[in-house]
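K.L.:
The sequence shown runs 1320 to 1645 under the numbering used here.
Take a look at the following structure, please.
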Amino acid sequence: MPMHAASETLTLAALWHGLALPLSRLLVSVSIGLFLGTLIEALHWTRAVAKVAQPLVRLGRLSDVAGASFSLAFFSGAAANAMLAEAHERGDMTRREVILSNLFNSLPTYFLHLPTLFFIAAPFIGEAAVLYVSLTVAAALLRTIGIVILGRLTLPPLPEGCVACLLGEDPKWDWRAALKKTWKRFTRRLPRMVYYTIPIYVAMFFLKRWGAFEVMETWMAEHIAFLSWLPPQAMGIIGFHMAAETTAGYAAAGALVATGGLTLKQLVLALLVGNILSSPVRAIRHQFPYYAGIFKPGLALNLIVSNQCLRVASILLVTLGYALWG
1320 MPMHAASETL TLAALWHGLA LPLSRLLVSV SIGLFLGTLI EALHWTRAVA KVAQPLVRLG
1380 RLSDVAGASF SLAFFSGAAA NAMLAEAHER GDMTRREVIL SNLFNSLPTY FLHLPTLFFI
1440 AAPFIGEAAV LYVSLTVAAA LLRTIGIVIL GRLTLPPLPE GCVACLLGED PKWDWRAALK
1500 KTWKRFTRRL PRMVYYTIPI YVAMFFLKRW GAFEVMETWM AEHIAFLSWL PPQAMGIIGF
1560 HMAAETTAGY AAAGALVATG GLTLKQLVLA LLVGNILSSP VRAIRHQFPY YAGIFKPGLA
1620 LNLIVSNQCL RVASILLVTL GYALWG
């Protein structure tokens, strides 16, 4: 009986210190990070960044509508795309210009949600969040540079215009409205965050204790040799990244960070690979209904395929660069 009691006490202590306590700390950190990221978004932090639009537009020989759409995309991707769709329907933009302009908007669209992305990732993966987010920002910058070069090579020169004329005045910071908006978004996003985090963290904890990763290593060697350069623990991150929302991948990564088993570089590479492999699934799940509601179906499909190809190519380049020289 004493031995049984000692064994039970040891098990409870392991669960508390190895699972319950770090999971509780993680949930508190994630909640704080989510609130801060949402607040920064609500305060229109991207207004200053949007002012770079006009020189880039001129360099890429894009129209003023494209420049205004680029600036507007820092605040609303839907409004930016609606502006392009209306210009196309009026005959002010060709199909090629619409596609290039939409691809050009990938940078502001990414920056729109960057604070939330970072403040969600940081509690899960710590310092790896800075590196991972920096690499995805680099990929977004590569996409923008590529579109500017492509526009320069394929579009005719344009007369001088005025991008700023199509935009409103700089909005004043309204803290009360921002806090109200932040709280509304926070209460909507937090339950989904907790929904993914708790079961995934618990699952990763027990999978590691039960030796599931050793079994996975053997299976990987036999079936998926193209990912054999990653450790088996990374497959959990990639799998959750593909099967669910991005938060699921962060939760799996956070569990592995807490329990050990992955180096910083392996963790970042696993997140990047998961990002690449999950792109087609997300495009089908989220983007097609969204784009089809703004553009005609044929153009919507063209935009989705173009966006995903460019996105995958840019992240793949960044991943290869980091894998070889990081």
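For each residue, glycine too, the CB sits at the ideal point set by N, CA and C.
Skipping 5 residues on each side, what residues in its chain have a beta carbon closer than 6 Å to that of A1404?
P.N.:
Counting only Cβ-Cβ distances below 6 Å, and skipping sequence neighbours, we find I1613, F1614.
K.L.:
With a threshold of 6 Å on Cβ separation, who are the neighbours of Y1520 within its own chain once the five nearest residues in sequence on each side are excluded?
P.N.:
Contacts found: L1342, A1570, A1574.
K.L.:
Between which residues of its own chain and Y1641 is the CB-CB distance below 8 Å, once the five residues before and five after are set aside?
P.N.:
If we look at Y1641 and ignore the five residues flanking it on each side, its Cβ neighbours are L1454, K1584, V1587, L1588, L1591.
K.L.:
Assign A1540 to one of two classes, buried (16 or more other C-beta atoms within 10 Å of its C-beta) or exposed (fewer than that).
P.N.:
The pLDDT assigned to A1540 is 47, lower than 50, so where the model puts this residue is not dependable; a value taken from the coordinates is nonetheless given after this. The residue in question, A1540, is exposed, as its Cβ has fewer than 16 Cβ neighbours within 10 Å.
K.L.:
Taking 8 Å as the threshold (C-beta atoms), are F1423 and F1394 in contact?
P.N.:
Taking 8 Å as the Cβ cut-off, F1394 and F1423 do not qualify as a contacting pair.
K.L.:
Looking only at C-alpha atoms, which of L1338, F1437, L1419, M1554 sits nearest to I1623?
P.N.:
For I1623, the nearest C-alpha among the options comes from L1419.
K.L.:
Within 10 angstroms of the Cβ of L1345, are there 16 or more other Cβ atoms? Answer buried if so, exposed if not.
P.N.:
Label assigned to L1345: buried.
K.L.:
Taking only three categories from DSSP, how would you classify D1383?
P.N.:
Note: D1383 maps to helix in three-state DSSP.
K.L.:
Give every residue of the same chain whose Cβ lies closer than 7 Å to the Cβ of L1469, excluding the five residues on either side of it in the sequence, and list them in chain order.
P.N.:
Here the set comprises L1419.
K.L.:
Give every residue of the same chain whose Cβ lies closer than 8 Å to the Cβ of L1338, excluding the five residues on either side of it in the sequence, and list them in chain order.
P.N.:
Correct list, in chain order: Y1520, V1521, F1524.
K.L.:
Please classify N1626: is it buried, with 16 or more other beta-carbons within 10 angstroms of its beta-carbon, or exposed?
P.N.:
N1626 comes out buried.
K.L.:
Applying the criterion that 16 or more other CB atoms from any shown protein chain within 10 Å of the CB defines a buried residue, is P1282 buried or exposed?
P.N.:
The chain is shown only over 1320 to 1645; residue 1282 falls outside these bounds and no answer can be derived.
K.L.:
Considering only C-alpha positions, which residue in the set A1611, R1630, L1581, V1576 is nearest to S1598?
P.N.:
Out of A1611, R1630, L1581, V1576, R1630 has the C-alpha closest to the C-alpha of S1598.
K.L.:
Consult DSSP for P1434 and reduce its assignment to one of helix, strand or coil.
P.N.:
Helix at P1434.
K.L.:
Taking the alpha-carbon of L1357 as reference, which of F1559, A1392, W1529, K1503 has the nearest alpha-carbon?
P.N.:
Residue 1357 is actually Thr in this sequence, not Leu. Of F1559, A1392, W1529, K1503, the residue nearest in Cα terms is K1503.
K.L.:
Pick from L1331, L1334, V1347, T1330: whose alpha carbon is nearest that of V1513?
P.N.:
Answer by Cα proximity: V1347.
K.L.:
Roughly how many angstroms separate the alpha carbons of P1442 and V1452, rounded to a whole number?
P.N.:
Answer to the nearest angstrom: the Cα atoms are 13 Å apart.
K.L.:
May I ask you to report which of helix, strand or coil DSSP gives A1483?
P.N.:
Residue placement at A1483 is poorly supported in this model, since its pLDDT is 47, which falls under 50; the coordinates still yield a value, given next. Helix.
K.L.:
Excluding the 5 residues flanking V1482 on each side, which residues of the same chain have their C-beta closer than 7 Å to its C-beta?
P.N.:
Because V1482 sits at a pLDDT of 48, beneath the cut-off of 50, its placement in the model cannot be relied upon, and the point is left open.
K.L.:
Could you check what DSSP says for P1475 in three-state terms: helix, strand or coil?
P.N.:
Three-state result, P1475: coil.
K.L.:
Quick check: S1633 and A1440, are their CB atoms within less than 8 Å of each other?
P.N.:
No, they are not a contact pair.
K.L.:
Under 7 Å Cβ to Cβ from L1378, same chain only, skipping five residues before and after it: list those, please.
P.N.:
Hits under 7 Å: V1467, R1471.
K.L.:
Do you know offhand how far A1668's Cα is from Y1429's?
P.N.:
No answer is possible for residue 1668: it lies beyond the span of the chain, which begins at 1320 and ends at 1645.
K.L.:
Measure the C-alpha to C-alpha separation of T1501 and A1361 and round it to an integer number of angstroms.
P.N.:
Cα to Cα, the separation comes out at about 6 Å.
K.L.:
Below 8 Å on the Cβ atoms is my guess for L1618 versus R1414; work out the distance and round it to an integer in Å.
P.N.:
Contact flag correct, Cβ pair sits at about 7 Å.
K.L.:
Roughly how many angstroms lie between the CA atoms of Y1515 and Q1606, to the nearest whole one?
P.N.:
So the two alpha carbons sit approximately 22 Å from each other.
K.L.:
With distances taken from CA atoms, which of L1596, A1602, P1550, A1567 is nearest E1581?
P.N.:
What sits at residue 1581 in the sequence shown is Leu, not Glu. The option with the nearest alpha carbon to L1581 is P1550.
K.L.:
Nearest CA to the CA of P1475: which residue from E1416, K1499, S1425?
P.N.:
Comparing Cα-Cα distances from P1475 to each of E1416, K1499, S1425, the minimum goes to E1416.
K.L.:
Keeping to the same chain, check which residues put their C-beta closer than 6 Å to that of L1355; ignore five residues upstream and five downstream.
P.N.:
Excluding positions up to five away in sequence, the list reads F1438.
K.L.:
Whose C-beta lies closer than 6 Å to the C-beta of T1566 among residues of the same chain, with five residues either side of it excluded?
P.N.:
Here the set comprises M1512, Y1515.
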